[in-house]
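Visitor: Okay, handing you the structure first.
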Amino acid sequence: MAIRRRSFRHNLLVKILSFSLPILFVGQAVALSKARNSLLLSAQQNLTSSAIRKAEALETGIQAIDANIDLLAQTEAFQSNDLEAVQLILDRVIRDTKPYDISCVELKAPQAKQALINTCDRTIIPSAKQVPWLQSGSVEIADFYVFSPGADAATASTPTDPPSATNAPEEKEIPIDRALIKFIVASPVYGKDNSLRYTLAMEVGLLQLQDATPQSLVGKTIVIDQNQIIVSHPDPDQVGKSISDLPEASQLDDIVGNVKAGRSSFVEAAHLSSKRENWLAGYSGFDVPVSPKQDSVWTVLAATPADKALYGLRQIRQVLFVLNIGLFIASILLAIYVSRSLSLPVERLIRYTQDVKDLSQLKSAPRSSKIWELDYLGTVIERMLRGLEKKSDELRRAWQDAQTANQLKNEFLANTSHELRTPLNGIIGSISVIRDGLCDSKEEEREFLNQADKAAMHLLSVIEDILNIAKIEAGTLDMKIAPIDLRTVLQDVIEMETLQAKQKGISLIGPELLAPLMIEVDHFRFKQVLLNILSNAIKFTDEGQVSIQIATDERPNQTINQSLEQTTESVAEIFMPPGPWVKIIIKDSGIGIDPKHLPKLFKPFVMVDGSHTRSYEGTGLGLAISQNFMRLMQGDISIDSEGTGKGTTVTIVIPRLVMEIQTSEIDEVTRVATNDRDVAKAMSG
Ligand code: ADP
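What follows is the structure, encoded as structure tokens:
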């Protein structure tokens, strides 16, 4: 499967976003869950303590009612059976009682069917079966009884639906953060003789704090009496029902059980209303003052819908949402910025390498980034490119050299074969003439034999040259160094070349050497060098002269170049021996050499290419061999010319052997002879 390649910048962007965005969303989820837990915990604490407070308030209220009824029973009106006075007292009680609210009263004589006084729209005194004092007549059993008002009175318990005008003597306003919890208290009224006179019942309402604002967590009040009948509930439909009739019966059962065991706590996820919403509730209990023979614990719940308890969560979610959008945009911008700032230097490096067309015009690598690794990479790339440039330059030069060498070899082959063929032809021709008896006389025969001999000698020298260069290249050339007087060598060489110079009509001017000039060389090869140079000078000079000058310097390591400049106007680079030296300067007035050809003349097989030099014989080996010979003898050779037609100067330098007897004479050694006769004279002298 082909891998889809994307840019470094694109990859960076995707990587940063794919790491940062999940972190963002997970962070939001974690923050929300933490916030929810903390809100739940605070709801739990608030609702539990609210339930405890509610239970305490109810207990206190009921105790106060009990005390008040006791006081009423002691009054003269009740004791004197003056029903009018009782009526008046009860009216006042209904009007004035605080902090609880008495909505109606009923007074009944024992065993009577009809109530003596009833301000309620129904009978509220329980049946004789329910009320203990009517059953036994004993005052010790109970004197107070509290029970649920039943479903009929339930509407009065809702905060939005205050007690009805028919039940209440005057309309009482219920504050929005309060709920009225109604129940019925019944009490026996005894005469002074302890005989049961009446049963007095009141429908009492107690105000309870409840949630008014979304932020308050007081909770709505749910009261369950000892018979597990719901006395108060925010949903009026539930009032008067037994908890066993509710869907969450088992849960409520557990709560009632816990309360009976004296525990106050918190419960979550109960469906406490007809709406199927989750509620949170704290619960506690209190003992009603008198509930004979029965469990007298009532359960109080402070309940609130979960949504309301977690109201703050909605705001946190909104804030987190806005924050997340901000962070999302910020992380995208950051990702774009980071990927751009990281990829730009890389892109610049790529552009840099793409722009390299010509290594010789290489620019510096971009180094503007603040990332040192990338700057370093740029430096390394630039260094590599420069190395490549150097290598390619070397390769180019080597290639050119190889081409030149190849060309030279071809030229050499052509030349050499010509050089070999010419004398060979001469030899063959001369021998044929003699063999075929074409000569007229013995002298003519000798003449041909001489020519054949000369051609054979020339052939030999060409072959020797080739052998010499082969030996030099193989490094197998032996030198037999021995002292010799330079005058002797020069004399031999000049003698050998005089005839040739004469034939061409040019003057060969040798130096006048008055004293021996000792040098240490391989005699044969040094002579060969001098012959090469001298014969070249004569060969390439058609008119004028060829002169040989001598210069010396015996002081070691002194101003050698200066003295050199004094004796020659222009000289190519030459290696000077460290000690005393002798310089032989062979100057001609011949065809000269174009200076651009000078540097390559010491390479084997090189001949200045051109129409006129080509007309001269030669293999292009003479100078190369001479330079190698001279260097093996601790000397050197150089060639110089001011240009075509301006003559050539060859300088040979060789260490000098300083001997005591000649020290005084040597400084005067350079005197130029003026003609052939002078040369011969000087040599013999
Ligand atoms: P050859 O003389 O056999 O050709 P050399 O190595 O002696 O080979 O010389 C190489 C070339 O240098 C010659 O072919 C010639 O072009 C040039 N040269 C050498 N000496 C002179 C000179 N004195 N004047 C002009 N050209 C010279």
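Residue 101 in the numbering used here sits at position 64 of the sequence shown; the count goes up by one each step and never skips. Note that CB positions come from ideal geometry on N, CA and C, so glycine has one too.
#1: Ends of the beta strand (DSSP E) at residue 443?
#2: Of the choices 82, 102, 407 and 547, whose alpha-carbon is the least far from that of residue 381?
#3: Taking the beta strand (DSSP E) that residue 37 belongs to, which residues open and close that run?
#4: Please check the pair residue 566 and residue 587, which I expect to be a contact at CB under 8 Å, by giving their CB distance rounded to whole angstroms.
#5: According to the Cβ coordinates, are residue 520 and residue 494 closer than 9 Å?
#6: Please state whether the Cβ-Cβ distance between residue 673 and residue 612 is less than 9 Å.
#7: Under the three-state reduction of DSSP, which class applies to residue 150: helix, strand or coil?
#8: Compute the minimum distance between the beta carbon of residue 724 and the heavy atoms of the ligand ADP, and state whether it is under 8 Å.
#9: Straight-line CA distance for residue 147 to residue 322?
#10: According to DSSP, simplified to helix, strand and coil, what is residue 693?
#11: The beta strand (DSSP E) spanning residue 321 covers which residue range?
#12: Any heavy atom of the ligand ADP closer than 8 Å to the CB of residue 682?
#13: Examine the ligand ADP and report whether any of its heavy atoms sits within less than 8 Å of the Cβ of residue 522.
#14: Quick check on residue 420: buried or exposed, where buried means 16 or more other Cβ atoms within 10 Å of its Cβ?
#15: Among the candidates 575, 51, 525 and 523, whose CA atom is the shortest distance from the CA of residue 536?
#16: Which residue marks the beginning of the beta strand (DSSP E) containing residue 220, and which one marks its end?
#17: For residue 724, is the beta carbon positioned less than 8 Å from some heavy atom of the ligand ADP?
#18: Can you tell me which residues form a DSSP beta bridge with residue 184?
#19: In angstroms, rounded to a whole number, what distance separates the CA positions of residue 636 and residue 470?
#20: For residue 671, which of 516, 538, 572 and 355 has the nearest alpha-carbon?
#21: The ligand ADP heavy atoms versus the CB of residue 569: any closer than 8 Å?
#22: Less than 6 Å between C-beta atoms, sequence neighbours within five positions excluded: which residues of the same chain meet that for residue 339?
#23: Measuring from the CB of residue 442, is there a heavy atom of the ligand ADP at a distance below 8 Å?
#24: Do you know how far the Cα of residue 263 is from the Cα of residue 284?
#25: What did DSSP end up calling residue 303 once you bin it into helix, strand or coil?
#26: What are the residues that DSSP puts in a beta bridge with residue 246?
#27: Taking the alpha helix (DSSP H) that residue 489 falls in, what are its first and last residues?
#28: Alpha carbon to alpha carbon, what distance is there between residue 416 and residue 351?
#29: Am I right that residue 569 and residue 466 are in contact with their C-beta atoms under 8 Å? What's the rounded C-beta distance?
#30: So, under 8 Å CB-CB, residue 367 and residue 53 are touching, yes? Tell me the CB distance rounded to an integer number of Å.
#31: So what's residue 235 in DSSP terms, helix, strand or just coil?
#32: Looking at residue 422 and residue 399, is the spacing between their C-beta atoms short of 9 Å?
#33: Short of 7 Å in beta carbon distance, which residues of its chain neighbour residue 543, apart from the five on each side in sequence? Order them along the chain.
#34: Can you name, in chain order, every residue of its own chain whose Cβ lies under 7 Å from the Cβ of residue 401, other than the five neighbours on each side?
#35: Let me confirm a value: residue 549 is counted as buried when at least 16 other C-beta atoms fall within 10 Å, else exposed. Which label applies?
Guide: According to the data block:
#1: According to the DSSP assignment, residue 443 belongs to no beta strand (DSSP E) but to the alpha helix (DSSP H) extending over 409 to 472.
#2: Closest option to residue 381, Cα to Cα, is 407.
#3: Outside the shown range of the chain, which is 38 to 722, sits residue 37, and nothing can be said about it.
#4: Residue 566 to residue 587, Cβ: 15 Å. No contact.
#5: Going by beta carbons, residue 520 and residue 494 fall outside the 9 Å limit.
#6: The beta carbons of residue 673 and residue 612 sit closer together than 9 Å.
#7: Coil at residue 150, not helix or strand.
#8: Any property of residue 724 remains undetermined from this structure, which presents the chain solely from 38 to 722.
#9: Whole-angstrom Cα-Cα distance: 33 Å.
#10: Here residue 693 sits in strand by DSSP.
#11: That run of the beta strand (DSSP E) goes 316 to 324.
#12: Distance from the C-beta of residue 682 to the nearest heavy atom of the ligand ADP is not below 8 Å.
#13: Using a cutoff of 8 Å, the CB of residue 522 does not count as near the ligand ADP, since none of the ligand's heavy atoms is closer than that.
#14: Residue environment analysis places residue 420 among the exposed positions, since fewer than 16 neighbouring C-beta atoms fall within 10 angstroms of its C-beta.
#15: Ranking 575, 51, 525 and 523 by Cα distance to residue 536 puts 575 first.
#16: In the DSSP assignment, residue 220 falls within the unbroken beta strand (DSSP E) covering 215 to 227.
#17: Nothing in the structure corresponds to residue 724, since the chain is present only between 38 and 722.
#18: As DSSP reads the structure, residue 184 sits in a beta bridge with 221.
#19: Taking the straight line from one Cα to the other gives about 46 Å.
#20: For residue 671, the closest alpha carbon among the candidates 516, 538, 572 and 355 is that of 516.
#21: Yes; taking the cut-off as 8 Å, the Cβ of residue 569 has a heavy atom of the ligand ADP nearer than that.
#22: The answer, listed in chain order, is 84, 87, 88, 91, 256 and 319.
#23: Not so, every heavy atom of the ligand ADP lies at least 8 Å from the Cβ.
#24: Taken atom to atom, the span from the alpha-carbon of residue 284 to that of residue 263 is near 19 Å.
#25: Correct three-state label for residue 303: strand.
#26: For residue 246, which the question treats as bridged, DSSP gives the partners 215.
#27: Run containing residue 489: 479 to 511, per the alpha helix (DSSP H) assignment.
#28: Distance between the alpha carbons of residue 351 and residue 416: 58 Å.
#29: Actually they do not touch by this definition, with Cβ atoms about 27 Å apart.
#30: Taking the Cβ atoms as the reference, residue 367 lies roughly 12 Å from residue 53, outside the contact range of under 8 Å.
#31: Residue state, collapsed to three classes: strand.
#32: Yes. Within cutoff.
#33: Excluding sequence neighbours, residue 543 sits near 575, 578, 580, 581, 582 and 583.
#34: Sequence-distant Cβ neighbours of residue 401 in its own chain, meaning closer than 7 Å and more than five residues away, are 419.
#35: Classified as buried, residue 549 has 16 or more neighbouring CB atoms from the shown chains inside 10 Å of its CB.
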